[in-house]
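Chemist: A single structure is presented below for examination.
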Amino acid sequence: MTNTIVLGTQWGDEGKGKIIDLLAPSFDMVARYQGGHNAGHTVYVDGKKIILHCLPSGILHPGKLCVIGNGVVLEPKALLQEIAMLKSLGISVENRLLISKNTHLILPYHTIVEKISEELDGERKIGTTSRGIGPAYKDKASRHGIRAADLLNPELLRNKIERNVKEKNVILSFFGQEGLDAAEVFKEFTEYASQVKDYIADVSMILSEEIALGKSLLIEGAQGTLLDIDHGTYPFVTSSSSTAGGACTGLGLGPDKINFILGVTKAYTTRVGEGPFPTELSDKTGQFLLEKGSEFGATTGRPRRCGWFDSVAVSYACRINGVNKIVLTKSDILDGLEKIKVCTAYRYNNSVLKNFPTEEWVLAEVEPEYRTFDGWDKPVRGVKTFDELPQAFKDYVSFLEKSIGTEVAIISTGKERDDTIFLESRLKDIIP
Numbered sequence: 001m002t003n004t005i006v007l008g009t010q011w012g013d014e015g016k017g018k019i020i021d022l023l024a025p026s027f028d029m030v031a032r033y034q035g036g037h038n039a040g041h042t043v044y045v046d047g048k049k050i051i052l053h054c055l056p057s058g059i060l061h062p063g064k065l066c067v068i069g070n071g072v073v074l075e076p077k078a079l080l081q082e083i084a085m086l087k088s089l090g091i092s093v094e095n096r097l098l099i100s101k102n103t104h105l106i107l108p109y110h111t112i113v114e115k116i117s118e119e120l121d122g123e124r125k126i127g128t129t130s131r132g133i134g135p136a137y138k139d140k141a142s143r144h145g146i147r148a149a150d151l152l153n154p155e156l157l158r159n160k161i162e163r164n165v166k167e168k169n170v171i172l173s174f175f176g177q178e179g180l181d182a183a184e185v186f187k188e189f190t191e192y193a194s195q196v197k198d199y200i201a202d203v204s205m206i207l208s209e210e211i212a213l214g215k216s217l218l219i220e221g222a223q224g225t226l227l228d229i230d231h232g233t234y235p236f237v238t239s240s241s242s243t244a245g246g247a248c249t250g251l252g253l254g255p256d257k258i259n260f261i262l263g264v265t266k267a268y269t270t271r272v273g274e275g276p277f278p279t280e281l282s283d284k285t286g287q288f289l290l291e292k293g294s295e296f297g298a299t300t301g302r303p304r305r306c307g308w309f310d311s312v313a314v315s316y317a318c319r320i321n322g323v324n325k326i327v328l329t330k331s332d333i334l335d336g337l338e339k340i341k342v343c344t345a346y347r348y349n350n351s352v353l354k355n356f357p358t359e360e361w362v363l364a365e366v367e368p369e370y371r372t373f374d375g376w377d378k379p380v381r382g383v384k385t386f387d388e389l390p391q392a393f394k395d396y397v398s399f400l401e402k403s404i405g406t407e408v409a410i411i412s413t414g415k416e417r418d419d420t421i422f423l424e425s426r427l428k429d430i431i432p
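Take the sequence shown: its letter number 333 is residue 333 in my numbering, and every next letter is one higher.
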């Protein structure tokens with residue numbers, strides 16, 4: 001039995017979707033444990049681009065049980081649209097999708113309130129997707145959230161919606177917004193209930209039972225470590241626990257059920273939204289990475305900020321998560337660059353920082369220290385074996401491994417499934 005977490009070690013957008021898609025055939029179950037439809041996992045299948053916001057990427061493989069855990073916040077309309085999209089591609093989710101009965105739901109007022117909050121923050125705004133994720137988690141923490149199980153109890157659902165709409169309408173009125181009609185919201189969600197009720201289950205119990213029978217579980221993280229609500233660059237973070245610990249609380253599994261943690265790391269760094277970004281490039285190299293890497297948000301289409309690889313940040317992520325091995329993605333995007341830099345430390349107030357500071361005012365002022373490498377003389381793109389890789393690229397990978405203290409086990413050399421190099425000797429215990 002192998003139960004493996006796949007998570008991001010940067011600010012998200014590391015290419016986790018492709019890796020989950022690649023590994024899913026080797027596992028019996030695939031589960032997502034946090035975030036909402038603010039995350040977008042992109043997978044290329046036979047040249048076709050598929051973006052998943054709600055469902056685990058394993059859903060693309062027939063026969064895999066796919067699970068949405070209690071740590072997720074779910075927008076039923078977005079979920080149903082995604083199910084319909086997959087159906088149009090000939091992919092059915094019937095009898096292989098489960099939604100935890102404890103999963104909290106995103107309601108119409110969450111989106112409206114978030115947009116107001118972002119406007120209020122002005123220059124201090126977080127730069128969210130404004131899809132209601134944060135307000136849904138806020139209601140969860142304040143014990144006024146509506147959970148998937150509530151869809152199965154119409155009277156309770158009505159009472160909760162009426163109570164919450166009454167509260168939210170006070171806020172909307174204060175900011176000059178039109179209030180919501182609780183009866184209309186209730187009607188909308190009873191319609192959703194009729195379509196998703198068969199997916200709602202005791203996910204924690206089912207996963208535990210299946211694992212006890214020897215079934216393997218692939219656990220899919222959304223966003224990245226540096227966006228974690230506790231360990232990220234607060235307040236410029238997401239609203240959930242995107243680190244390895246969140247997998248246990250977000251699925252109802254004990255830590256003893258986790259065997260391996262695989263960290264996905266881009267060969268450079270990107271960030272979407274606001275917040276400090278030490279290695280950000282605001283020059284032609286940054287533009288090169290943006291354009292060649294197609295660095296536009298899968299959810300919003302916003303251009304991502306691009307910069308050099310930051311070993312201070314990634315080594316921090318490896319420590320926080322207990323990462324066993326690294327997947328290095330988008331290596332081919334660096335093809336064609338004459339010089340490539342890696343951040344090895346920060347300088348702050350005349351001191352050298354080797355450890356990642358999570359205080360925003362410190363991170364905003366640090367100056368990165370770099371090691372510069374020559375670019376490679378032939379492309380990485382599409383290379384299928386490690387031996388075929390240019391030596392300069394191998395040297396780059398070796399330096400990254402030493403800098404972050406973790407070995408690379410998989411190298412992605414392009415966006416298609418087969419543009420991947422598996423270092424077999426390092427994959428023991430990762431794949432069943």
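The C-beta atom is built at its ideal place from N, Cα and C for all residues, glycine as well.
All values derive from a computational prediction rather than experimental measurement.
#1: Do you know whose CA, among 21, 11, 2, 386, lies nearest residue 417's CA?
#2: Going straight from the alpha carbon of residue 433 to that of residue 157, what length do you get?
#3: Should residue 329 and residue 14 be called a contact, given that it needs their Cβ atoms to be closer than 8 Å?
#4: Flag this pair as yes or no: are the beta carbons of residue 33 and residue 221 separated by less than 8 Å?
#5: In chain order, what are the residue ranges of uninterrupted alpha helix (DSSP H) at least 4 long that sit wholly in the stretch 198-239?
#6: Terminal residues of the continuous beta strand (DSSP E) containing residue 164?
#7: Could you pull the start and end residues of the beta strand (DSSP E) that residue 307 belongs to?
#8: Buried or exposed: which applies to residue 363, given that a residue is buried once 16 or more other Cβ atoms fall within 10 Å of its Cβ?
#9: Hey, could you find the ends of the alpha helix (DSSP H) residue 324 is sitting in?
#10: Nearest CA to the CA of residue 77: which residue from 398, 190, 365, 286?
#11: Does the stretch 374-394 come close enough to the stretch 278-294 to have 3 or more Cβ pairs within less than 8 Å?
#12: In the DSSP assignment, the beta strand (DSSP E) including residue 33 goes from what residue to what residue?
#13: Would you check if the distance between the CB atom of residue 404 and the CB atom of residue 311 is smaller than 8 Å?
#14: Could you tell me which of 203, 241, 354, 163 sits nearest to residue 186, measuring between CA atoms?
#15: Which value, in whole angstroms, describes the spacing of the CA atoms of residue 317 and residue 10?
#16: With DSSP as the reference, please indicate the residues paired to residue 412 in a beta bridge.
#17: For residue 140 versus residue 104, is the C-beta spacing smaller than 8 Å?
#18: Please identify the residue among 241, 324, 171 whose C-alpha is closest to the C-alpha of residue 72.
#19: Taking the alpha helix (DSSP H) that residue 54 belongs to, which residues open and close that run?
#20: In whole angstroms, what separates the C-alpha of residue 292 from that of residue 270?
#21: Residue 352: buried (16+ other C-beta within 10 angstroms of its C-beta) or exposed?
#22: What number of angstroms, rounded off, separates the C-alpha of residue 333 from the C-alpha of residue 279?
#23: Which of the three DSSP states is assigned to residue 268 in this structure?
#24: Give the C-beta separation of residue 17 and residue 224 to the nearest angstrom, bearing in mind that I take them to be a contact with Cβ-Cβ under 8 Å.
#25: Do the stretch 200-215 and the stretch 34-52 meet, that is, are 3 or more Cβ pairs less than 8 Å apart?
#26: Please confirm if residue 36 has its CB atom under 8 Å from at least one CB of chain E.
#27: Strictly by DSSP, which residues pair up with residue 67?
#28: So what's residue 351 in DSSP terms, helix, strand or just coil?
#29: Note down, in chain order, each residue of its chain lying with its Cβ closer than 6 Å to the Cβ of residue 414, except the 5 sequence neighbours on either side.
#30: Starting from residue 367, trace the alpha helix (DSSP H) both ways and give me its first and last residue.
#31: By DSSP, does residue 180 sit in helix, in strand, or in coil?
#32: Find the nearest neighbour of residue 134 within the set 107, 149, 66, 422, judged by alpha-carbon distance.
#33: Give the DSSP-derived three-state secondary structure of residue 7 in the structure shown.
#34: Under 8 Å between the Cβ atoms of residue 262 and residue 5?
#35: Please report the distance separating the alpha-carbon of residue 315 from that of residue 99.
#36: Put residue 105 into one of helix, strand or coil per three-state DSSP.
Modeler: Reading from the atomic positions:
#1: For the purposes of this step, residue 417 is identified with residue 417 of the sequence shown, where counting begins at 1. For residue 417, the nearest C-alpha among the options comes from 21.
#2: The structure shown does not extend to residue 433, since the chain is modelled only from 1 to 432, so the question has no answer here.
#3: The residue labelled residue 329 in the question sits at position 329 within the sequence shown. The residue labelled residue 14 in the question sits at position 14 within the sequence shown. Residue 14 is positioned such that its CB atom lies closer than 8 Å to that of residue 329.
#4: For the purposes of this step, residue 33 is taken as residue 33 along the sequence shown, with counting starting at 1. For the purposes of this step, residue 221 is taken as residue 221 along the sequence shown, with counting starting at 1. Result yes, Cβ atoms of residue 33 and residue 221 sit closer than 8 Å.
#5: As far as the stretch 198-239 is concerned, its whole alpha helix (DSSP H) runs of at least 4 residues are 203-212.
#6: Along the sequence shown, read from residue 1 onward, the residue named residue 164 stands at position 164. Residue 164 -> not in any beta strand (DSSP E); alpha helix (DSSP H) instead, spanning 154-174.
#7: Residue numbering aside, residue 307 sits at position 307 when the sequence shown is read from its first letter. It spans 305-307 - the beta strand (DSSP E) in which residue 307 sits, taken as one unbroken run.
#8: Residue 363 sits at position 363 when you count from the first residue of the sequence shown. Residue 363 should be labelled buried.
#9: Position 324 of the sequence shown holds residue 324. For residue 324, no alpha helix (DSSP H) segment is defined, and its DSSP state is neither H nor E.
#10: The residue given as residue 77 occupies position 77 in the sequence shown. In this structure, 190 is the residue among 398, 190, 365, 286 with its C-alpha nearest to the C-alpha of residue 77.
#11: No, the stretch 374-394 does not touch the stretch 278-294.
#12: Translated into the one-based positions of the sequence shown, residue 33 becomes position 33. In the DSSP assignment, residue 33 falls outside any beta strand (DSSP E) and carries neither an H nor an E.
#13: The residue labelled residue 404 in the question sits at position 404 within the sequence shown. The residue labelled residue 311 in the question sits at position 311 within the sequence shown. Closer than 8 Å, so yes.
#14: Here residue 186 refers to the residue found at position 186 of the sequence shown. For the residues 203, 241, 354, 163, the minimum Cα distance to residue 186 belongs to 163.
#15: Along the sequence shown, read from residue 1 onward, the residue named residue 317 stands at position 317. Along the sequence shown, read from residue 1 onward, the residue named residue 10 stands at position 10. Between residue 317 and residue 10, the C-alpha separation is close to 7 Å.
#16: Walking along the sequence shown from the start, residue 412 turns up at place 412. In DSSP, residue 412 forms a bridge with 420.
#17: Taking the sequence shown and counting its residues from 1, the one referred to as residue 140 is at position 140. Taking the sequence shown and counting its residues from 1, the one referred to as residue 104 is at position 104. Going by C-beta atoms, residue 140 is nearer than 8 Å to residue 104.
#18: Walking along the sequence shown from the start, residue 72 turns up at place 72. Each of 241, 324, 171 was checked against the Cα of residue 72, and the nearest Cα belongs to 241.
#19: Counted from its first residue, the sequence shown places residue 54 at position 54. Taken as a continuous stretch (DSSP letters only), residue 54 belongs to no alpha helix (DSSP H), as it is neither H nor E.
#20: Walking along the sequence shown from the start, residue 292 turns up at place 292. Walking along the sequence shown from the start, residue 270 turns up at place 270. Approximately 13 Å, taken between the alpha carbons.
#21: On the sequence shown, position 352 is the one that residue 352 refers to. Exposed, by the Cβ-count rule.
#22: The count along the sequence shown starts at 1 and reaches residue 333 at position 333. The count along the sequence shown starts at 1 and reaches residue 279 at position 279. Note on geometry: alpha-carbon atoms of residue 333 and residue 279 lie some 17 Å from one another.
#23: Counting from one through the sequence shown, the residue named residue 268 turns up at place 268. Here residue 268 sits in coil by DSSP.
#24: Looking up residue 17 in the sequence shown gives position 17. Looking up residue 224 in the sequence shown gives position 224. Contact between residue 17 and residue 224 is absent: CB atoms are separated by about 13 Å, not below the 8 Å threshold.
#25: Taking 8 Å as the limit for Cβ pairs, the verdict is that the stretch 34-52 does not touch the stretch 200-215.
#26: The chain labelled as chain E is not found in the depicted structure, where only one protein chain is given.
#27: Within the sequence shown, the letter at position 67 stands for residue 67. Per DSSP, 31, 98.
#28: On the sequence shown, position 351 is the one that residue 351 refers to. Collapsing the DSSP output to three states places residue 351 in a strand.
#29: Sequence index remark: in the sequence shown, residue 414 carries index 414 (1-based). For residue 414, the CB contacts under 6 Å within the same chain, skipping 5 residues up- and downstream, are 332, 381, 382 in chain order.
#30: Locating residue 367 in the sequence shown gives position 367, where the first residue counts as 1. No alpha helix (DSSP H) contains residue 367, which is instead part of the beta strand (DSSP E) from 367-374.
#31: In the sequence shown, residue 180 corresponds to position 180, counting from 1. For residue 180, the secondary structure class from DSSP, reduced to helix, strand or coil, is coil.
#32: Residue numbering aside, residue 134 sits at position 134 when the sequence shown is read from its first letter. Restricting attention to 107, 149, 66, 422, the CA atom closest to the CA of residue 134 is found in 107.
#33: The residue labelled residue 7 in the question sits at position 7 within the sequence shown. Three-state DSSP puts residue 7 in a strand.
#34: Along the sequence shown, read from residue 1 onward, the residue named residue 262 stands at position 262. Along the sequence shown, read from residue 1 onward, the residue named residue 5 stands at position 5. Yes, Cβ-Cβ distance for residue 262 and residue 5 is below 8 Å.
#35: Within the sequence shown, the letter at position 315 stands for residue 315. Within the sequence shown, the letter at position 99 stands for residue 99. One C-alpha to the other measures close to 34 Å.
#36: Start at 1 with the first residue of the sequence shown, and residue 105 comes out as number 105. If DSSP states are grouped into helix, strand and coil, residue 105 belongs with the strands.
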